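J.:
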Amino acid sequence: MKNIFRKAVLALLILGCKEVKKENTPTVEEMDETAEMSMGNEWTSLFDGESFTGWHEYLKDNVSDNWKIEDGAMVFYPPESRESGNQFNLVSDNSYTDFILSIDWKIAQNGNSGVMWGVNEMKDLGQPYLTGPEIQVLDNEGHPDGKNGTSHQSGALYDMVSPTKDVTKPVGEWNTMVITINHKTNEGSVELNGETVVEFPVNDPKWGEMVANSKFAEWEHFAKYPTGKIALQDHGDGVAYKNIKIKEL
């Protein structure tokens with residue numbers, strides 16, 4: 000009887016150890032997260048919701064009063080009039096090569112803007128789009144550019160790759176956009192409101208072929224710099240951006 004009792008206790012102890020081990024075993028998701036953190040691939044906020052720290056206007060040292068911070072968002076108020084050539088594009092202080100950029104945007108009625116990467120500031124180039132490819136931000140229904148083909152609509156790699164569908168929210172509502180640029184794997188993509196709507200190569204020769212078939216074919220500096228700054232475009236219309244974060248790859 001004692002032997003039977005001892006065996007029963009031993010069995011319970013073994014079972015208990017197995018359960019503890021099972022409870023302490025990390026899931027696949029937890030292991031992936033741990034591995035990611037150990038590699039330093041963490042999200043970095045590019046906007047604290049309270050200041051323009053980390054940003055300046057293109058070819059300037061500051062941010063003008065045309066940009067305001069309201070309810071945790073960068074909001075652009077276009078001037079009623081402006082001097083010839085005076086622009087108010089925002090660019091990041093830091094440069095990036097391979098990354099995932101997540102950003103929320105809200106466009107004004109009939110508005111036009113865009114998010115660019117690979118932007119290099121040169122004194123003889125007055126606009127960030129002269130170097131940086133653009134992911135379009137647009138009121139598809141209200142702005143005339145929305146009628147110039149789907150490669151000019153929201154989420155498009157501007158004038159090169161059209162979105163597979165229009166998943167934008169109504170004007171005045173926030174859209175979430177995730178842009179991936181990875182030269183290591185030759186992959187670029189745009190996710191808009193949870194759906195991947197654009198995919199494209201980022202390296203030559205396929206990238207070069209896309210540029211050659213676009214309006215940018217003869218632009219000397221366009222898309223020539225894998226490493227560059229992030230830009231938020233002043234296209235003369237009201238727009239707001241928030242929840243801006245980046246993960247370098």
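Following numbering that gives the first Met the number 0, the numbering of the sequence shown begins with 0 at its first residue and continues without gaps. Here a beta-carbon is modelled for each residue, glycine too, at the ideal position from N, C-alpha and C. Keep in mind the model is a prediction, meaning the values are calculated, not measured.
Count the other CB atoms, across all protein chains shown, that sit within 10 Å of the CB of W42; report buried if there are 16 or more and exposed otherwise.
T.: Its Cβ having fewer than 16 others within 10 Å, W42 is exposed.
J.: Compute the Euclidean distance between the alpha carbons of A107 and E219, then round it to the nearest angstrom.
T.: The straight-line gap from Cα to Cα measures roughly 32 Å.
J.: Just to confirm my understanding: we take I245, look at its own chain, exclude 5 residues before and 5 after, and list those with CB closer than 8 Å. What are they?
T.: Around I245: W42, T43, L45, Y95, F98, I99, L100, S101, I229.
J.: Among residues of its own chain, excluding the 5 on either side of V136, which ones have a beta-carbon nearer than 7 Å to its beta-carbon?
T.: W104, I106, S112, G113, V114, S153, V238
J.: Go to E133, then tell me how far its beta strand (DSSP E) extends in each direction, as first and last residue.
T.: Secondary structure note for E133: its beta strand (DSSP E) is the uninterrupted segment 133 to 137.
J.: D103 by DSSP, collapsed to three states: which one?
T.: Residue state for D103 is assigned as strand, using DSSP reduced to three classes.
J.: Looking at the secondary structure, which residues open and close the beta strand (DSSP E) in which E267 lies?
T.: This structure cannot speak to residue 267, because the chain is shown only from 0 to 248.
J.: When burial is assigned at 16 or more other CB atoms within 10 Å of the CB, is R5 buried or exposed?
T.: In this prediction, R5 scores a pLDDT of 47, lower than 50, which makes its location untrustworthy; the coordinate-derived value is nonetheless stated afterwards. Burial call: exposed.
J.: Assuming K214 contacts D158 under a Cβ cut-off of 8 Å, what Cβ separation, rounded to an integer in Å, is found between them?
T.: 5 Å
J.: Once the 5 residues before and after V210 are set aside, which same chain residues still bring their CB inside 8 Å of it?
T.: Taken in chain order, the residues that qualify are M159, A216, F221, A222.
J.: State the beta-bridge partners of L231 as determined by DSSP.
T.: L89, V114
J.: So for H220, helix, strand or coil by DSSP?
T.: Coil at H220, not helix or strand.
J.: So, are the CB atoms of I180 and V166 less than 7 Å apart?
T.: No, they are not a contact pair.
J.: Less than 7 Å between C-beta atoms, sequence neighbours within five positions excluded: which residues of the same chain meet that for P78?
T.: N65
J.: Applying the criterion that 16 or more other CB atoms from any shown protein chain within 10 Å of the CB defines a buried residue, is E133 buried or exposed?
T.: Buried, since its Cβ has 16 or more Cβ neighbours within 10 Å.
J.: On the CB-based measure, 16 or more other CB atoms within 10 Å of its CB, does L9 come out buried or exposed?
T.: Low confidence applies here, because L9 scores a pLDDT of 43, under 50, leaving its location unreliable; read the following figure in that light. L9 should be labelled exposed.
J.: Return the CA-CA distance between L191 and S150, expressed in angstroms with no decimal places.
T.: Distance between the alpha carbons of L191 and S150: 15 Å.
J.: Can you list, in chain order, the residues of its chain with a C-beta nearer than 6 Å to that of Q232? Leave out the 5 residues immediately preceding and following it.
T.: N88, S112, G113
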